[in-house]
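Q: Our numbering numbers the first residue of the sequence shown as 17 and each following residue consecutively.
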Amino acid sequence: MALSKSLKLAFRNLKKNKVVSLLNIVGLTVGLTTSMLIFSFVMKEKSTDRFISEIDNIYCVTNGDDSGVHLSQNMVNLIKEEIPEVDKITYCSVDWSPQVFLKEGQQKFKLEHLLTADSCFFRVFPFEAVWGDPVEGLNTSNKLVITQSLSRKLFGDENPVGKTVTYDATYLQGEELEVTAVIKDLPQELSWNFEAVLSLQTNYKIGWYVGSMKHWGSQNYQGFARLNNHASYEGVLAKLKAIPLDKVPADMKEDIKFGLFPFSDVYFDLHELRFLRHGNRLTLAIIGITGLLVLLLACINYVNMVTAQREKWNKNIGIFKMMGSSFSKIVQLVTAESLIQLGLAVGLSLLLTAVILPVFNSLTSSSYSLASFISLKYILLLLAVVALMLVSTGLLPGMLLSRRVPSFLLRKQEEKRSRSFTRNGLLVFQFVVTIALMTSIVTIRKQSQHLENQDLGFDKESIIYANLNDALYEHIEAFKSELAQIPEVIDYTFSENVLVDNGQNWGRRMVKDGETSEVNFSKLSVVPNFFEFFGIDILEGNGFNQNSNGKQEFIFNQTAKRAFQIETIETAKMASSKPEHGRIVGIVSDFNFESLHVPVRAAGYMCSQDCDEVLYLKMNAPTSANFDQAIDRVKMAWNRFSPDFPMEYQFLDQKWESLYQKDRQFQKILSYTTIISLLLSCLGLVGLTYFVMEQRTKEIGIRKVNGAKVSEILSMLNKDFVKWVAIAFVLACPIAYYAMNKWLENFAYKTTLSWWVFALAGLLALGIALLTVSFQSWKAATRNPVEALRYE
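(1) Quick check for students: name the residue ranges of the beta strand (DSSP E) that lie wholly in the stretch 663-742, counting only runs of 3 or more.
(2) Is the beta carbon of Met454 less than 7 Å from the beta carbon of Cys315?
(3) Quick check on this structure: which residue in Leu730, Gly703 and Leu704 has the alpha carbon closest to the alpha carbon of Arg716?
(4) Using the rule of at least 16 other Cβ atoms within 10 Å of the residue's Cβ for burial, across every protein chain shown, is Gly172 buried or exposed?
(5) Taking only the alpha-carbon atoms, compute the straight-line gap between Asn79 and Asn236 and give it to the nearest angstrom.
(6) Less than 7 Å between the C-beta atoms of Ile272 and Leu261, yes or no?
(7) Contact check, Lys200 vs Val146 under 8 Å by CB: the rounded distance?
(8) So, with DSSP's three-state summary, where would you put Val509?
(9) Going by C-alpha distance, which of Tyr508, Asn158 and Met52 is nearest Val542?
(10) Ignoring anything shorter than 3 residues or poking outside the stretch 116-197, list the beta strand (DSSP E) runs there in chain order.
(11) Quick check: the Cα distance between Thr299 and Ile691, rounded to an integer number of angstroms?
(12) Below 6 Å CB to CB, which residues in the same chain sit around Val505 once its five sequence neighbours on both sides are set aside?
(13) Does the stretch 151-170 come into contact with the stretch 239-251, if we say contact requires no fewer than three beta-carbon pairs (one atom in each stretch) closer than 8 Å?
(14) State the DSSP-derived secondary structure class of Gly519, mapped to helix, strand or coil.
(15) What's the call for Leu787, buried or exposed, on a 16-neighbour Cβ count within 10 Å?
(16) Helix, strand or coil for Ser388 per DSSP?
(17) Could you pull the start and end residues of the beta strand (DSSP E) that Asp103 belongs to?
(18) Between the stretch 84-97 and the stretch 114-128, do three or more beta carbon pairs fall short of 8 Å?
(19) Please classify Phe570: does DSSP put it in a helix, a strand, or coil?
(20) Go ahead and pull the three-state DSSP assignment for Glu504.
(21) Our contact map puts Val444 next to Trp740 with C-beta atoms below 8 Å; I'd like the distance itself, whole angstroms only.
(22) State the beta-bridge partners of Glu531 as determined by DSSP.
(23) Let me check understanding here. Comparing Cα to Cα, which of Thr587, Gly233, Asp626 and Ser793 lies closest to Glu512?
(24) Taking Cβ to Cβ, would you say Asp553 is nearer than 7 Å to Gln574?
(25) Let's test the definition: count the other Cβ atoms within 10 Å of the Cβ of Asp134 and tell me whether it reaches 16, buried, or not, exposed.
(26) What is the rounded straight-line gap between the Cα of Leu396 and the Cα of Leu367?
(27) Could you give the C-beta distance for Ile571 and Phe560, rounded to a whole number, given that I count them as a contact under 8 Å?
(28) Check the C-beta distance from Leu696 over to Asn317 and give it rounded, since I have them as a contact under 8 Å.
(29) Return the Cβ separation of Glu353 and Leu30 in integer angstroms, given the expectation that the two are a contact with Cβ distance under 8 Å.
(30) In the DSSP assignment, find the unbroken alpha helix (DSSP H) run with Gln89 in it and report its ends.
(31) Give me the residue from Thr182, Met663 and Lys257 with the minimum Cα distance to Gln123.
(32) Would a C-beta distance cut-off of 7 Å place Ser381 and Glu205 closer than the cut-off?
(33) Roughly how many whole angstroms lie between the Cα atoms of Leu188 and Gly153?
(34) Taking only three categories from DSSP, how would you classify Tyr754?
(35) Start and end of the alpha helix (DSSP H) containing Thr45?
(36) Quick one: what's got a C-beta closer than 7 Å to Thr132's C-beta in the same chain, skipping five residues either side?
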């Protein structure tokens, strides 16, 4: 009974103070929703791969201490023979075929993510099976383990184990594969990303594959080892570094090195494993901190506005005490107000989460549902936040007020300087956060523009590319003739891999001034007109000609020339058994073939024959209609020679932009968080202004009676808020400078932290604060003084 009365009185008080109650509930709802969504994203990122069984025993086997991640089959076999502490070891790679199709009956499906692995893959990574046994599923050739979603596409809901599908890929066609197991779909919290795993022995049917796989230098795989429970990381690493190399050819011994990298750290710290998904620790830390700051802003708003109503509370509690209310009833009454507001905020937060969840999923590349938040960790976090605010704004004030005598509570009291300082200090903190976030988002936008305007050193506009296949190779001259008949295609060229997605890294011997040394570089095979096509300058030498392929000639970039200390191209050559092979015939200007997060690496180029695996077309189509017509003609020519593998083209500039997907995601998340923090700061400012105007109603009325102008009253009311924003600006600048300076360290090519970025953020914050405050100030300044004095 007593509780119901307390709730009724609490509702009545909230209704009397509609503005403050509404601001409290809106601020808490927005703050709770935003912070919970951000915390969920951070926890998802941090839990990546953690569900893998005994993950602390799994390591990526690297090629030495330089985080090289490419191994040969022989290197893996050497570890099996020499390191008994390695319980199981597997090697795998993304399937090298650009196009892979599976056919089941009349249905044909394209695989976007196919992994090729040896028989130990599911022994190292024991993913949960739906049907069959994946552990034994890759033991022989032509075996396939698929995910549950791919199984539904191919076979519906029936068990597909033992059934066959036809495998058509760029390098191998018409193979019948047996489905040996179905595993559950890979969860979001996993760095692996594949639809199916093909037994590696299947590729033994490809001639060039078999020819290279047994070479110690064919380091085309990634290796993962599971150590036994009694092995130590340090002990195994020491054995790997001292592993005997008796079986390694003499000229390869310097290239064979081993290291270990914990798989639990791969997601954040080993980006060289390009076929896995990766995150960024610093970016995630910044996002997590902004989520915490948003929650703090919401809580500060709530505490500020609740404590600002202290005098009204005092009168009410004083009256209740005079009427004989007990200690427990007073605490109950004050707590009930906070409980109602917090309960409404939590309920509205759940509704708002359900509404914006699709946008959040799109923004973070996630697939959350509302049920994702109904878990113990989220409920405990929410309860902790609610309990803290309930105690600070309900229980503690209620206990303090209940101990006061009625005469003290009913007497009008001047606000203590310490309380005013605390309240203003909290306001300063809010604007420190807001200004720091505004500075950060302007800096991030400035960095994005810097990257967009950076001269990459090659042309990428109006260029499309597509992967070729065996059928086109056989008719390449006829296909070239067809391309020459399309006026919108002004030029074409070929390369071994996509220019901005080349994963080949070579280690070769270079002979220079009679001395031999090992050099490492990114290797790409190209046709003779490649550099001219992309507008890349040949600075030394004449470049490739039609005989360069047979002579195994090389071209290097400027970075390679500096790194390898090549004085002139005539004094250096690549080591070869034939004296006429391995000449360096040119040096080209540096260009960015990787993300601008990293500087230009040493790159070397060899000459292909008349074509290679990737076709580039330079288009000249003034309108989209012209472009579509030209592409239709290219596709017709393509399909005439390759009917089973349709042309799938991409724009080169879009491929380049995809390298910055994580950066754009970070920018969007921080932009939305900044807007929300600004909204919360403004809500807090509105509530505090409302309180100040109420406190100074009589003073404003007296000043107006004595002839004060509206402008003078506005200046008087606004100057304190301007002062607090200015203090916030001074405090925010060094914080924002430090945070953005650390973030910019992620980029090899970065913008400067200009003074105007900080000034702009400060002026925007000041302008928004003045607009927010001035509306309330104007109402108070233009009010009839007689009404103000009568009110008092």
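Don't be surprised by glycine CBs; every beta carbon is placed ideally from N, CA and C.
A: Considering the structure as presented:
(1) 665-667
(2) Indexing the sequence shown from 1 puts residue 454 at position 438. Indexing the sequence shown from 1 puts residue 315 at position 299. No. Outside cutoff.
(3) Stepping through the sequence shown from its first residue, residue 716 is reached at position 700. Here residue 716 turns out to be Ile, not Arg, going by the sequence shown. Nearest C-alpha to Ile716: Leu730.
(4) For this step, residue 172 is matched to residue 156 along the sequence shown. It is exposed - the Cβ of Gly172 has fewer than 16 other Cβ atoms within 10 Å.
(5) Walking along the sequence shown from the start, residue 79 turns up at place 63. Walking along the sequence shown from the start, residue 236 turns up at place 220. Approximately 12 Å, taken between the alpha carbons.
(6) What you label residue 272 is simply residue 256 of the sequence shown in a count that begins at 1. What you label residue 261 is simply residue 245 of the sequence shown in a count that begins at 1. Yes, the pair counts as a contact, with Cβ atoms nearer than the cut-off.
(7) Position 184 of the sequence shown, counted from the start, is the residue given in the question as residue 200. Position 130 of the sequence shown, counted from the start, is the residue given in the question as residue 146. 6 Å between Cβ atoms; contact.
(8) Here the question's residue 509 lines up with position 493 in the sequence shown. According to the sequence shown, residue 509 is Thr rather than Val. The answer is strand: DSSP assigns Thr509 an E or B state.
(9) Your numbering for residue 542 matches position 526 in the sequence shown. Closest by alpha carbon: Tyr508.
(10) 116-120, 123-127, 130-133, 145-148, 159-163 and 180-185
(11) Translated into positions along the sequence shown, residue 299 becomes position 283. Translated into positions along the sequence shown, residue 691 becomes position 675. Rounded to whole angstroms, Thr299 to Ile691 spans 18 Å at the Cα level.
(12) Position 489 of the sequence shown holds residue 505. These residues qualify, in order along the chain: Leu499 and Leu633.
(13) no
(14) On the sequence shown, position 503 is the one that residue 519 refers to. Three-state result, Gly519: coil.
(15) If you number the sequence shown from 1, residue 787 lands on position 771. Leu787 is exposed by the Cβ-count criterion.
(16) As a first step, residue 388 must be located in the sequence shown, where it is residue number 372. It is helical.
(17) Indexing the sequence shown from 1 puts residue 103 at position 87. That run of the beta strand (DSSP E) goes Val102 to Val110.
(18) No, they do not touch.
(19) Stepping through the sequence shown from its first residue, residue 570 is reached at position 554. Phe570 falls in the strand class under three-state DSSP.
(20) If you number the sequence shown from 1, residue 504 lands on position 488. If DSSP states are grouped into helix, strand and coil, Glu504 belongs with coil.
(21) Within the sequence shown, numbered from 1, the residue matching residue 444 stands at position 428. Within the sequence shown, numbered from 1, the residue matching residue 740 stands at position 724. 5 Å between Cβ atoms; contact.
(22) Stepping through the sequence shown from its first residue, residue 531 is reached at position 515. According to DSSP, which records beta bridges pairwise, Glu531 is partnered with Lys528.
(23) Working through the sequence shown from its first residue, we reach residue 512 at position 496. When only C-alpha atoms are compared, the closest one is Asp626.
(24) For the purposes of this step, residue 553 is identified with residue 537 of the sequence shown, where counting begins at 1. For the purposes of this step, residue 574 is identified with residue 558 of the sequence shown, where counting begins at 1. Not closer than 7 Å, so no.
(25) Locating residue 134 in the sequence shown gives position 118, counting from the first residue. Asp134 should be labelled buried.
(26) The sequence position of residue 396 within the sequence shown is 380, counting from 1. The sequence position of residue 367 within the sequence shown is 351, counting from 1. Cα to Cα, the separation comes out at about 19 Å.
(27) For the purposes of this step, residue 571 is taken as residue 555 along the sequence shown, with counting starting at 1. For the purposes of this step, residue 560 is taken as residue 544 along the sequence shown, with counting starting at 1. Ile571 to Phe560, Cβ: 7 Å. Contact.
(28) Locating residue 696 in the sequence shown gives position 680, counting from the first residue. Locating residue 317 in the sequence shown gives position 301, counting from the first residue. With 8 Å as the limit, Leu696 and Asn317 qualify as a contact, their Cβ atoms being about 6 Å apart.
(29) Your numbering for residue 353 matches position 337 in the sequence shown. Your numbering for residue 30 matches position 14 in the sequence shown. Yes, Glu353 and Leu30 are in contact; Cβ-Cβ is about 6 Å, under 8 Å.
(30) Taking the sequence shown and counting its residues from 1, one reaches residue 89 at position 73. Here the alpha helix (DSSP H) through Gln89 covers Gln89 to Glu98.
(31) The sequence position of residue 123 within the sequence shown is 107, counting from 1. When each option's Cα is compared against that of Gln123, the closest is Thr182.
(32) Indexing the sequence shown from 1 puts residue 381 at position 365. Indexing the sequence shown from 1 puts residue 205 at position 189. Cβ distance not < 7 Å, so Ser381 and Glu205 don't count as in contact.
(33) Here residue 188 is taken as the residue at index 172 of the sequence shown, counted from 1. Here residue 153 is taken as the residue at index 137 of the sequence shown, counted from 1. Their backbone Cα atoms lie some 21 Å apart in a straight line.
(34) The residue given as residue 754 occupies position 738 in the sequence shown. If DSSP states are grouped into helix, strand and coil, Tyr754 belongs with the helices.
(35) Counting from 1 along the sequence shown, the entry for residue 45 is found at position 29. First-last of the alpha helix (DSSP H) with Thr45: Lys34 to Lys62.
(36) For the purposes of this step, residue 132 is identified with residue 116 of the sequence shown, where counting begins at 1. In its chain, beyond the 5 residues on either side, Cys108, Ser109, Asp111, Leu214, Leu216 and Asn219 have a beta carbon closer than 7 Å to the beta carbon of Thr132.
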